[in-house]
Amino acid sequence: MPKVKFDFLESTCVPLPFENVDTDQIIPARFLSATSREGFGNNLFRDWRYLKTGEKNSDFILNNPKFSGKVLVAGKNFGSGSSREHAVWAIFDYGFRAVVSSFFADIFMNNSLNNGLLPVVISEELLIKLQCLIQKNPATKVKIDLEKQIFTIIPTGDSVRFGINPYKKECLLKGLDDIDFLLSMKSLITGYENNKNLVK
Amino acid sequence: MVHSIEDGPDILYIDRHYIHEVTSPQAFIGLKERGIPVFRPGKTIATADHNIPTKDQHLQIMDELSRNQVERLSENCSKYGIELFGLNHPKNGIVHVIGPELGYTLPGMTIVCGDSHTSTHGAFGTIAFGIGTSEVEMVLATQCILQPKPKKMRITVNGNLHKGVTSKDIIMYIISEISTGGATGYFVEFSGSAIKSLSMEARMTICNMSIEMGARGGLIAPDETTFDYLRKLPSIPGIDDLESSVNQWKNLKSDPHASFDHELEFDAGLIKPMITYGTNPGMGMAIDGSIPMAEDKNKEASSSYLKSLEYMGLKPGMKLLGHPIDYVFIGSCTNGRIEDFRAFAQIIRGRKKAANITALIVPGSKKVEEQMASEGLIEVLKNAGFEVRQPGCSSCLAMNEDKIPQGKYTVSTSNRNFEGRQGPGARTLLASPFTAAAAAITGKISDPREFITEEKNVKI
Ligand code: SF4
């Protein structure tokens, strides 16, 4: 079952310069009752995006028409807390294809890679610079080349290499699926079970 | 480990897989779409806990979406042959409470669950960690997941704990020292005399919250305390000769010269009862302390910090002692075990609930509820004006109706004080069961040490 591919992206960005944004903020628990993966984008950052009255909160960045794009530029320690993959589904469903930060929580990072949402880690210094640039000029574009693992801020030419597990990179570039891969390893898995007498 | 992919993650075999209603349905849909069965259904255990009501559980769940989710779980379990301790089952409860108490969590196992607090099971010397739904599907399909090797950290806590200081305070203290991202990328082993002296329940509280400092998982080497806990269980599924297993488990410890990528040491004697004042578990302080000033932080950090305090309706420099509160929640996979209710009841005994307090007292499982009844704790709480609810995650994440209203303060024994975690606009102050009890009877944030006499100092 092929997955969403990611190879190259050039886009404007949406800045979200808060530290420690946890998955409860990304998608509050009361929206986790669905049994499919679709539609979570409507409730992305729900309690920041909407006022108690149900109206849009015009102070929140996603409601500011000046900012748009496929790249979310987040603050340090993004995605901590609950393991809910719904957080990644919500970000992806909303239309983002990459999240940039100086630091991601582990499970969030894994979940992103498993859903075609690319987490890009850059230095804190560059992250703050990028956030300022976008605030000043919302038309600021960035370029992400996964093959070369290069992240570029187009107007300034700042260009850095970002890390990614080579296996995960391959999966994203080719749209490969982990489960297909694991299923192809079945004989190895049963061999291991027999060896250790794991299936009684 | 089944196999190591060159330049890639390892294929890790999973000995025990726990599932619950919220993070599993999409994984089952995945299996269906692929037309494949659950590979080893006997290794998965299911429970309904996150969105179930904690009152009138025998009636139909009112919320349609929640009901649907719980029904999907039952359907999937019966279709694929998975053991389910669902709603109203005598063994039902929070996934991380029932796993250990039913003997499904055993030393040396690899354990995963679509839930970040899977780290709880590390208290038994297991490799246990939370996964996402895509990975739940992987485990259902192949009993394996792909995992990069984590770095290793050791946190040693030596010394004696003071009166009224609990395992919850130890872990909250550590997180406040190293921050919520302080252990990201690491698997943490807890050791030292203060850790060794803790019961299994208390060790679970520590490992439970290791995720709150970013750790992939936390673990404690099994010892006689672990084995005694297991010896006292009525039965252990799949184990006929416990003592021969115990002999093998005795080897499960880091060798004394093992090297870690990072080591930290803390003195238990410096720890006081802790409480949080902000919106992440790292924003914690001693109960008699003052909220730190924002000056020492960089600009971005300080704006996040002030935003967080504003949400809480608090200010830098403020003391919390004496601050009025509205709710008390005792329960969750952090502090919803029998020892926690014993501690809570110990302070409550012979006293009365404060008039301004609404208390949510929620056992972690049916078994805990039964034990509370047989030990007379429910009676003690009733006499003090409290009502005990039925088991579930409840107000810990407020997916059911146990929500804390907008702007209200709650002293909570759970693990997360995120914005809106306990209900939109709810203000959570994390603390131990002792501190929750002291707040429940005084109606404000109070120092639990004032309510504990030396001889009555139970260890939790
Ligand atoms: S009690 Fe809270 S933290 Fe524990 S499993 Fe339930 S929701 Fe998660």
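Line by line, the protein sequences are chains E and F.
When you line the first sequence up against the working numbering, it's residues 1034 to 1233, in that order.
When you line the second sequence up against the working numbering, it's residues 9 to 468, in that order.
The beta-carbon is built from N, C-alpha and C at its ideal position, and this holds for glycine as well.
**Request:** List the residues of chain E that H11 of chain F touches, going by C-beta distances under 9 Å, in chain order.
**Result:** M1218, L1221, I1222 and Y1225
**Message:** Please tell me whether E1118 of chain E and S142 of chain F are closer than 8 Å, where the distance is taken between their beta carbons.
**Reply:** yes
**Request:** Look at the alpha carbon of L469 of chain F and the alpha carbon of S373 of chain F, and state the distance between them as a whole number of angstroms.
**Result:** The structure shown does not extend to residue 469 of chain F, since chain F spans only 9 to 468, so no value can be given for it.
**Message:** What residue range does the alpha helix (DSSP H) around V1121 of chain E cover?
**Reply:** Unbroken alpha helix (DSSP H) run through V1121 of chain E: H1119 to Y1127.
**Prompt:** Is there a Cβ from chain E that is less than 8 Å from the Cβ of S402 of chain F?
**Reply:** no
**Request:** For the stretch 1094-1117 of chain E, enumerate the residues whose C-beta is nearer than 7 Å to any C-beta of chain F, in chain order.
**Result:** With the criterion set as a beta carbon lying under 7 Å from some beta carbon of chain F, the members of the stretch 1094-1117 of chain E are G1108, N1110, S1113, G1114, S1115, S1116 and R1117, in sequence order.
**Pair within 8 Å by beta-carbon distance, D348 of chain F and I468 of chain F** = Taking 8 Å as the Cβ cut-off, D348 of chain F and I468 of chain F qualify as a contacting pair.
**Prompt:** Going by the beta-carbon positions, is the gap between L368 of chain F and D334 of chain F smaller than 8 Å?
**Reply:** Cβ atoms of L368 of chain F and D334 of chain F: not closer than 8 Å.
**Item:** Inter-residue Cα distance where the pair is S207 of chain F and A406 of chain F
**Value:** 29 Å
**Message:** Within 8 Å of any Cβ in chain E, is that where the Cβ of M180 of chain F sits?
**Reply:** no
**Prompt:** Mind pulling the chain E residues with CB within less than 7 Å of N76 of chain F?
**Reply:** Within 7 Å Cβ-Cβ: T1068.
**Request:** Assign N1170 of chain E to one of two classes, buried (16 or more other C-beta atoms within 10 Å of its C-beta) or exposed (fewer than that).
**Result:** exposed
**Message:** For C121 of chain F, list the residues DSSP reports as bridge partners.
**Reply:** Beta-bridge pairing links C121 of chain F to F:Y26 and F:G138.
**Item:** Sequence-distant residues of the same chain with beta carbon closer than 8 Å to K159 of chain F, five excluded per side
**Value:** Scanning its chain for C-beta atoms nearer than 8 Å, with the 5 sequence neighbours on each side dropped, one finds around K159 of chain F the residues G193, Y194, F195, D269 and H270, in chain order.
**Message:** For a test of your reading of the model: does the CB of L405 of chain F fall under 7 Å from any non-hydrogen atom of the ligand SF4? Yes or no.
**Reply:** yes
**Range covered by the beta strand (DSSP E) that runs through I283 of chain F** = Here the beta strand (DSSP E) through I283 of chain F covers M282 to T284.
**Prompt:** Start and end of the beta strand (DSSP E) containing M208 of chain F?
**Reply:** Per DSSP, M208 of chain F lies in no beta strand (DSSP E); the unbroken alpha helix (DSSP H) holding it starts and ends at M208 to N216.
**Prompt:** Measuring CB to CB, does Y319 of chain F end up less than 8 Å from E427 of chain F?
**Reply:** E427 of chain F is positioned such that its CB atom lies closer than 8 Å to that of Y319 of chain F.
**Message:** I need the DSSP call for P33 of chain F, collapsed to helix, strand or coil.
**Reply:** helix
**Item:** Selected residue, minimal CA-CA separation from S420 of chain F, among F:S402, F:N408, F:G400 and F:A444
**Value:** Checking every option, the nearest Cα to that of S420 of chain F belongs to F:A444.
**Prompt:** If the cut is a Cβ gap below 7 Å, which residues of chain F does A1062 of chain E touch?
**Reply:** L405, A406 and M407
**Prompt:** Taking a cut of 9 Å between CB atoms, which residues from the stretch 410-425 of chain F lie near chain E?
**Reply:** K411, Q414 and R424
**Asked** Can you tell me whether R48 of chain F is buried or exposed, with buried defined as 16 or more other CB within 10 angstroms of its CB?
**Response** buried
**Request:** My understanding is that N1147 of chain E touches G140 of chain F, with C-beta atoms under 8 Å, so please give their C-beta distance in whole angstroms.
**Result:** Yes, N1147 of chain E and G140 of chain F are in contact; Cβ-Cβ is about 6 Å, under 8 Å.
**Item:** Whether T118 of chain F touches I22 of chain F by CB criterion (8 Å)
**Value:** yes
**Item:** F1039 of chain E to N1144 of chain E span [Cα, whole Å]
**Value:** 15 Å
**Interface partners of D123 of chain F on chain E, CB under 7 Å** = S1116
**Prompt:** For the ligand SF4, any of its heavy atoms closer than 7 Å to the Cβ of V419 of chain F?
**Reply:** Flag unset: Cβ of V419 of chain F not near the ligand SF4.
**Message:** Within 10 Å of its beta-carbon, does L1150 of chain E have 16 or more other beta-carbons around it, so buried, or fewer, so exposed?
**Reply:** buried
**Item:** Start and end residues, alpha helix (DSSP H) containing M180 of chain F
**Value:** S175 to I186
**Request:** Can you tell me the Cβ-Cβ gap for G344 of chain F and V144 of chain F, rounded? I've got them flagged as a contact below 8 Å.
**Result:** Going by Cβ atoms, the distance from G344 of chain F to V144 of chain F rounds to 23 Å, so no, they are not a contact pair.
**Inter-residue spacing [alpha-carbon to alpha-carbon] between G1074 of chain E and F1125 of chain E** = 7 Å
**Asked** Under 8 Å Cβ-Cβ, which residues of chain B neighbour T188 of chain F?
**Response** Chain labels in this structure do not include chain B; the protein chains are E and F.
**Item:** Touch test, the stretch 159-177 of chain F against the stretch 9-26 of chain F, Cβ-Cβ under 8 Å, three pairs minimum
**Value:** The stretch 159-177 of chain F makes no contact with the stretch 9-26 of chain F; the number of CB pairs closer than 8 Å stays below 3.
**Message:** For E377 of chain F, count the other beta carbons within 10 Å of its own beta carbon; 16 or more makes it buried, fewer makes it exposed. Which is it?
**Reply:** With 16 or more Cβ atoms within 10 Å of its Cβ, E377 of chain F is classed as buried.
**Request:** Would you mind giving the Cβ-Cβ distance between A56 of chain F and L95 of chain F, rounded to the nearest angstrom? I have them listed as a contact below 8 Å.
**Result:** 5 Å
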